[in-house]
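Input: a single structure, listed below in structure tokens.
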Ligand code: FUL
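In the numbering used here, the protein residues as written are 478 to 979.
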């Protein structure tokens with residue numbers, strides 16, 4: 478591109494006045510992206526931050542959490558499996574998709590794979606003609622629900638586990654089957670639990686593998702990227718989404734989407750602490766995912782109970798509300814259905830989320846910012862309130878600690894605050910605070926060191942007619958896309974519909 482004298486003059490003028498640069502058409506130029514930025518697929522992933530996990534296999538019938546690989550396929554016999562019941566119950570909770578454990582560590586495959594006889598076709602389910610993965614994929618398609626797959630690298634059944642043959646002929650082939658035969662996938666989940674004792678085709682014993690090299694991840698992930706370009710690859714180290722470092726239902730605070738991985742970091746071999754927080758100025762964009770189960774186990778055990786909806790909401794705030802995604806596991810029982818108590822808890826969570834976020838009490842506020850990029854309404858503070866997640870209030874390049882005052886249409890009571898950044902431009906904040914006008918002065922209600930795709934603060938109910946967002950520290954001009962004030966209702970007393978276990 479050649480600079481003409483006019484644009485050079487405009488550039489000099491705008492630099493001199495410290496205002497935003499303009500394009501040759503006079504439009505205000507967007508700010509340059511800062512640091513690592515998400516791919517379009519990662520941006521799309523951030524738009525559906527809540528989805529589900531479904532742990533289902535022979536363990537459902539034996540009561541184990543990690544099957545040894547010696548389970549007989551005959552035991553897999555769900556009496557009333559219904560993928561529609563599972564999908565619609567998850568959808569009622571507000572989830573946007575489900576990831577199925579197509580093969581867990583025990584090696585039993587829920588689809589009629591050609592890679593091993595240890596699969597659903599050897600079970601009594603539908604007289605060996607069933608395909609659980611297909612039924613899930615079809616139900617997801619029917620209900621416009623995203624579908625993803627989990628396929629365990631560790632295989633305690635396979636006799637060749639630990640040798641190169643297992644990786645090329647079995648594991649990679651299983652990934653190929655799953656990524657080519659079941660339609661579009663939104664996530665492919667790679668587990669870090671690896672190696673150890675097992676049945677191994679009856680040979681038993683313990684097998685260790687080199688976590689860095691054994692599975693040939695570049696080849697496996699290359700296949701996923703080729704067959705499912707829109708899918709997120711989940712693992713301890715991404716590259717699409719990373720583990721949050723714990724299975725308790727919370728991301729770090731802050732939990733930055735940026736992280737710097739070291740050369741030795743690999744699946745099953747990384748410092749969990751850094752996964753939880755990420756790094757300020759981290760070199761890669763790999764947002765965190767919080768995977769947690771609604772029950773104490775990942776698989777269904779009749780003696781266990783699901784979490785109450787209030788507890789699920791807390792998990793939502795500690796994951797989605799920290800800029801991570803939430804992958805909530807809800808395991809089917811021996812019937813192949815989600816248990817009535819889990820369904821009830823999910824339904825109450827969904828109703829609660831819908832009620833909480835139905836009305837943004839700041840939507841009709843008038844917004845006055847200390848600075849707007851190029852004085853251009855396209856970057857004005859109203860963009861915080863327009864309901865469009867991809868329009869943003871942006872300041873001039875030189876203005877890194879601006880503030881915006883939002884005068885509400887009357888006094889409002891709220892107890893939840895939402896703030897989002899335009900993540901397409903990178904993480905642009907190191908400090909932000911929200912104040913309310915109370916008794917004739919500003920009082921700080923909330924603060925954070927990072928925002929990213931979403932930050933939610935729960936606070937005691939506050940009544941005010943004016944709030945202020947203050948950026949207190951930023952390396953570049955901020956680009957904040959959404960602000961919301963909500964009144965989260967109280968939870969009704971939780972009463973599981975079915976007493977005791979099954
Ligand atoms: C872990 C596995 O070992 C658990 O069984 C479960 O699948 C969990 C999601 O990941 O690493």
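Backbone N, C-alpha and C fix where the C-beta goes; we use that ideal spot for every residue, glycine too.
Since the model is a prediction, treat every value here as computed from it, not as a measurement.
Just tell me which of the options has its CA closest to the CA of residue i.
i           : options               : result
residue 812 : 537, 668 and 822      : 537
residue 798 : 698, 924, 642 and 581 : 924
residue 721 : 688, 677 and 766      : 766
residue 779 : 927, 653, 814 and 716 : 814
residue 950 : 975, 907 and 976      : 907
residue 858 : 957, 682, 612 and 687 : 957
residue 914 : 883, 800 and 872      : 883
residue 810 : 824, 841, 776 and 561 : 776
residue 679 : 932, 786 and 595      : 595
residue 503 : 832, 853, 682 and 605 : 853
residue 608 : 650, 658 and 792      : 658
residue 973 : 610, 508 and 786      : 786
residue 604 : 865, 550 and 838      : 550
residue 976 : 819, 716, 514 and 527 : 819
residue 724 : 963, 674, 664 and 792 : 792
residue 982 : 632, 966, 817 and 693 : Lying before the first or after the last residue shown, residue 982 is absent from the chain, which here runs from 478 to 979.
residue 620 : 560, 869 and 868      : 560
residue 558 : 541, 593, 568 and 610 : 610
residue 839 : 929, 783, 845 and 962 : 962
residue 702 : 691, 715 and 690      : 715
residue 741 : 598, 673, 685 and 690 : 690
residue 525 : 683, 664 and 641      : 664
residue 520 : 866, 563 and 784      : 866
residue 869 : 816, 929 and 600      : 929
residue 533 : 515, 568 and 588      : 588
residue 565 : 615, 599, 601 and 542 : 615
Within a Cβ cutoff of 8 Å, which residues of the same chain sit near residue i, ignoring the five residues on either side of it in sequence?
i           : result
residue 911 : 894, 896, 921, 922, 923, 924, 934, 944, 945, 946 and 947
residue 966 : 829, 832 and 833
CB-CB under 6 Å to residue i, same chain, minus the five flanking residues each way: which ones, in chain order?
i           : result
residue 737 : 756, 759 and 760
residue 847 : 879 and 880
residue 666 : 576, 627 and 711
residue 770 : 806
residue 796 : 728, 767 and 803
residue 731 : 926 and 927
residue 637 : 643
residue 480 : For residue 480, the predicted structure reports a pLDDT of 36, less than 50, and the residue's modelled location is therefore unreliable. A value from the coordinates is still provided. Cβ within range, chain order: n/a, list empty.
residue 704 : 656 and 657
residue 511 : 903, 905 and 953
residue 979 : Here the model assigns residue 979 a pLDDT of 44, short of 50, so the residue's position is not dependable, and the following value carries that caveat. 779.
residue 661 : none
residue 753 : 721, 722 and 729
residue 650 : 592
residue 970 : none
Leaving out five residues before and five after residue i in sequence, what residues of the same chain have Cβ atoms less than 7 Å from its Cβ?
i           : result
residue 535 : 544, 548, 552, 553, 583 and 585
residue 790 : 826 and 829
residue 781 : 772, 773 and 774
residue 693 : 644
residue 919 : 912 and 945
residue 872 : 848, 849, 850, 879, 954 and 955
Given a cut-off of 8 Å on the beta-carbon distance, is the pair residue i and residue j in contact?
i           : j           : result
residue 901 : residue 505 : no
residue 805 : residue 572 : yes
residue 518 : residue 734 : no
residue 824 : residue 570 : yes
residue 591 : residue 629 : no
residue 763 : residue 696 : no
residue 892 : residue 836 : no
residue 953 : residue 507 : no
residue 843 : residue 888 : no
residue 885 : residue 959 : no
residue 745 : residue 688 : yes
residue 931 : residue 726 : no
residue 574 : residue 540 : no
residue 808 : residue 531 : yes
residue 647 : residue 635 : yes
residue 784 : residue 743 : no
residue 522 : residue 709 : yes
Regarding residue i and the ligand ZN, is the C-beta to nearest heavy atom distance less than 7 Å?
i           : result
residue 642 : In the structure on display, the ligand ZN does not appear, and the ligands it does have are the ligand FUL.
Is the CB of residue i under 8 Å away from at least one CB in chain D?
i           : result
residue 947 : Of the chains in the structure shown, none is chain D; there is only one protein chain.
- Task: Give every residue whose Cβ lies closer than 5 Å to any heavy atom of the ligand FUL, listed in chain order.
- Result: Cβ atoms closer than 5 Å to the ligand FUL belong to 668, 670 and 775.
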